[in-house]
Structure formats: structure tokens, C-alpha cells
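Have a look at the structure below before the remarks.
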Amino acid sequence: MLITTNLILGLAAAGGAGMWWRTQRRLKLLERERFIRGHVFPARLLNGLTDTWPHLTLRDQQLVARALRQWFLIHARTRPLPVAMPSLAVDVLWHHFILDTRAYEAFCTQAFGSFFHHVPPSTGPLVTAPGRLGAMRRTWRAACHDDNIQPRIPSRLPLLFAIDHKLAIPGHTWWRLDTPLNRRREGDSGGGGGETGDFPSSQRERTADDHANDSAGLQDTPYRLGDLDALTTDSSSDGGGWGSSGDGGGDGGGDGGCGGGCGGD
Numbered sequence: 549m550l551i552t553t554n555l556i557l558g559l560a561a562a563g564g565a566g567m568w569w570r571t572q573r574r575l576k577l578l579e580r581e582r583f584i585r586g587h588v589f590p591a592r593l594l595n596g597l598t599d600t601w602p603h604l605t606l607r608d609q610q611l612v613a614r615a616l617r618q619w620f621l622i623h624a625r626t627r628p629l630p631v632a633m634p635s636l637a638v639d640v641l642w643h644h645f646i647l648d649t650r651a652y653e654a655f656c657t658q659a660f661g662s663f664f665h666h667v668p669p670s671t672g673p674l675v676t677a678p679g680r681l682g683a684m685r686r687t688w689r690a691a692c693h694d695d696n697i698q699p700r701i702p703s704r705l706p707l708l709f710a711i712d713h714k715l716a717i718p719g720h721t722w723w724r725l726d727t728p729l730n731r732r733r734e735g736d737s738g739g740g741g742g743e744t745g746d747f748p749s750s751q752r753e754r755t756a757d758d759h760a761n762d763s764a765g766l767q768d769t770p771y772r773l774g775d776l777d778a779l780t781t782d783s784s785s786d787g788g789g790w791g792s793s794g795d796g797g798g799d800g801g802g803d804g805g806c807g808g809g810c811g812g813d
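The C-terminal residue of the sequence shown carries number 813 in my numbering, and the numbering is unbroken.
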């Protein structure tokens with residue numbers, strides 16, 4: 549009887565400790581999320597975007613800054629699992645930030661507790677097509693969650709996936725919602741097809757040959773996922789525009805939300 553009582557007390561103590569640890573971990577994540585959302589990127593960092601793409605306005609710079617904050621939030625929530633960068637504009641701003649070594653190291657320490665290395669799409673755990681697809685789907689789900697979008701039945705693209713088309717970034721492959729998915733959502737019973745998992749994909753099952761084609765495509769175009777309909781040289785989505793609330797002074801910091809939705813003109 550004494551052994552049983554001690555066992556119950558031990559299990560209760562272990563359960564309580566586990567609950568305490570999970571609570572502390574959640575509180576720490578919330579603290580890091582607040583820090584990331586409130587981080588202000590200096591104007592000299594954002595001006596590097598205009599050096600690369602002269603047509604970008606101050607508001608465009610602020611939008612890229614917001615998307616970079618979304619990328620950092622995704623990493624904070626999913627680490628240590630790999631994620632994949634879907635935006636060229638955001639990737640360029642991230643690279644500029646990394647070049648400011650001390651500031652970036654200090655940011656990573658407070659935002660993640662460790663250094664967030666810039667991993668090019670063709671290296672690291674994303675080198676194989678299945679790994680790339682898994683990382684990109686993970687990014688897709690997290691970005692949808694951040695923008696209040698259902699990842700399986702998206703009505704629009706999340707900011708991180710839509711921004712390159714929104715800003716007309718040249719020489720890059722743009723994301724769009726795949727056509728069969730749009731037709732089905734709009735009530736076209738003849739559309740057929742669908743998505744695989746949580747990510748808009750082609751109408752047929754993927755094969756080993758498809759993954760081999762993905763590997764070749766990923767080397768040629770860093771953000772192209774082989775024959776996935778979700779990624780084309782053209783872009784469309786049915787959401788509203790992004791609001792500019794929360795972005796003012798410097799890059800503004802904070803995230804005022806996307807207003808009518810992220811992912812449309």
C-alpha cells in the first residue's frame with residue numbers, strides 16, 4: 549500500500565513538473581514572439597531593398613519587414629525543425645540583416661535563444677526534394693496560421709508567400725493558389741484534383757520521378773517546387789490587400805494584421 553501511494557505521489561509530482569515545464573516553455577515563446585513582432589529594422593537596412601529593386605517604395609520596404617518578422621515567428625514556433633524560405637524579397641532583407649553581425653546575433657539570442665543560420669535552399673536538411681517539400685509545407689502551415697488562413701482550404705496566400713508578386717519582384721518564380729483548388733472552393737464541381745496534406749499541389753499523386761524532377765528544378769530556381777501547381781511564373785489569389793497599420797517610423801515594428809487579408813492586389 550505504501551509503495552502504491554508513493555508511486556501515485558511520484559507520478560503526480562512528475563505530471564506537475566511536466567505541466568510546469570510546458571507552461572514555462574509556452575510563456576517563453578510568447579515573450580519571444582512579442583520581441584519579434586515589436587522589432588524595428590533600421591532604415592539603412594530597408595534601403596538595401598531599394599538598392600536592389602529601385603521601384604520599391606517606403607511602404608513596400610515596411611511590408612517586406614513585416615514579412616521578415618513573420619518568417620522569424622515561424623522559425624521561433626517550429627524550431628528545431630527545418631523551414632524553407634518562399635520569398636526572394638524577404639530572403640534578401642534577411643541576408644542584409646545577417647551582415648549586421650552584432651545586431652543580428654543580439655536579435656537571435658533574444659528571439660530564439662540561439663543563432664538562426666541563413667541556410668541557402670540548395671544546402672542543409674532541405675537538399676533532397678522530400679525534405680524541401682516538408683520544410684516548405686511546414687512554412688506554409690505556419691504562415692497560414694499567422695494570417696488566420698485555413699491551410700487546407702486557403703482563400704488567399706499568406707503574406708510570406710504573396711509578397712513577391714505583390715511587389716512585382718523580377719526574375720523570380722511567384723506563388724499562386726493552384727487552379728483546381730480555386731475552382732473547387734468556388735463551387736465548380738468539375739474541377740477535380742485537390743491538395744496533398746496541407747499544401748496546394750498538383751492534381752495527381754507524386755511519384756519518385758516527380759521528386760527527381762523537383763531536385764533538378766530546385767537547383768535551377770531556388771524556390772520552385774518541381775511540377776507543383778502552387779508555384780508558377782504567374783500568380784493569383786483572391787484575398788484583399790495588406791493594411792499598413794502598425795508600420796510607421798523606422799520600419800514601424802509591430803504587426804497590425806493584414807486587414808482584409810494577405811495575398812491579393
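The beta carbon of each residue, even a glycine, is placed where N, CA and C say it ideally should be.
The alpha-carbon separation between Ile-697 and Pro-706 amounts to approximately 7 angstroms. Its chain contains Thr-626, Leu-629 and Val-631 as the residues whose beta carbon lies nearer than 7 angstroms to that of Arg-686, once the 5 sequence neighbours on both sides are disregarded; these appear in chain order. With a cutoff of 8 angstroms on beta-carbon distance, Gly-596 and His-644 are scored as near each other. Ile-717 is classed as buried because its beta carbon has at least 16 other beta carbons within 10 Å across all chains shown. Here Trp-601 carries a coil assignment [DSSP, helix/strand/coil].
For the set Ala-654, Val-638 and Val-667, the Cα lying nearest the Cα of Trp-601 is the one of Val-638.
According to the DSSP assignment, His-644 belongs to the alpha helix (DSSP H) that extends over 636 to 647. Contact between Glu-581 and Ala-624 holds, since their C-beta atoms are separated by about 6 angstroms, short of 8 angstroms.
Straight-line spacing of the CA atoms in Ala-651 and His-713 works out to 29 angstroms.
When the beta-carbon positions are compared, Leu-616 and Leu-647 stay at least 8 angstroms from each other. In the DSSP secondary-structure assignment, Trp-688 is not bridged to any residue. The beta carbon of Leu-604 is closer than 7 angstroms to those of Leu-597, Thr-598 and Leu-715 in its chain, skipping five residues each way along the sequence.
Taken atom to atom, the span from the alpha-carbon of Ala-683 to that of Leu-606 is near 31 angstroms. Excluding five sequence positions before and after Val-612, the CB atoms of its chain that fall closer than 7 angstroms to its own CB belong to Leu-597, Ala-637, Val-638, Leu-641 and Ile-711, given in chain order.
Under the three-state reduction of DSSP output, Gln-609 falls in the helix class. Sequence-distant Cβ neighbours of Gln-658 in its own chain, meaning closer than 6 angstroms and more than five residues away, are Phe-583. DSSP, reduced to helix, strand and coil, places Met-567 within a helical segment of the structure shown. With respect to the 8 angstroms criterion, Glu-653 and Phe-663 are classified as neighbours on the basis of their beta carbons. Trp-619 places its beta carbon 8 angstroms or farther from that of Leu-681.
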